[in-house]
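In this note's numbering, the protein residues as written are 86 to 176.
Beta carbons are placed, not taken as given, at the ideal position from N, Cα and C, and that holds for glycine.
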């Protein structure tokens with residue numbers, strides 16, 4: 086997805102390309118939280134309840150960032166592209 090978003094930068098209207106570029110960085114940053122949470126939750130010996138909860142909290146933060154923020158950014162891009170194509174900003 087990161088590569089395909091990069092390929093699309095040349096075809097984007099002015100202003101949208103910068104947002105797509107930031108979306109690419111958001112993609113790497115948010116998806117990077119998953120392995121970090123997993124690694125931090127790995128401890129020596131048996132996993133404790135605190136480690137388990139820590140991993141789940143990390144996954145929850147990653148889910149909110151990766152899905153909600155990513156979705157809202159895509160909505161912003163769609164609205165910007167619609168306005169660039171002449172649509173009114175009343176939808």
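Do residue i and residue j have their C-beta atoms within less than 7 Å of each other?
{"i": "residue 94", "j": "residue 101", "result": "no"}
{"i": "residue 91", "j": "residue 122", "result": "no"}
{"i": "residue 136", "j": "residue 128", "result": "yes"}
{"i": "residue 126", "j": "residue 139", "result": "yes"}
Relative to the C-alpha of residue i, which candidate in the options has its C-alpha closest?
{"i": "residue 165", "options": "90, 140 and 99", "result": "99"}
{"i": "residue 113", "options": "134, 133 and 152", "result": "152"}
{"i": "residue 118", "options": "171, 160 and 150", "result": "150"}
{"i": "residue 120", "options": "96, 147 and 87", "result": "147"}
{"i": "residue 116", "options": "103, 154 and 134", "result": "154"}
Less than 8 Å between the CB atoms is what I'm expecting for residue i and residue j, so what's the real figure, rounded?
{"i": "residue 87", "j": "residue 107", "result": "About 13 Å separates the two Cβ atoms, so there is no contact after all."}
{"i": "residue 111", "j": "residue 158", "result": "7 Å"}
Which runs of the beta strand (DSSP E), 3 residues or longer, sit entirely within the region 122-172?
none
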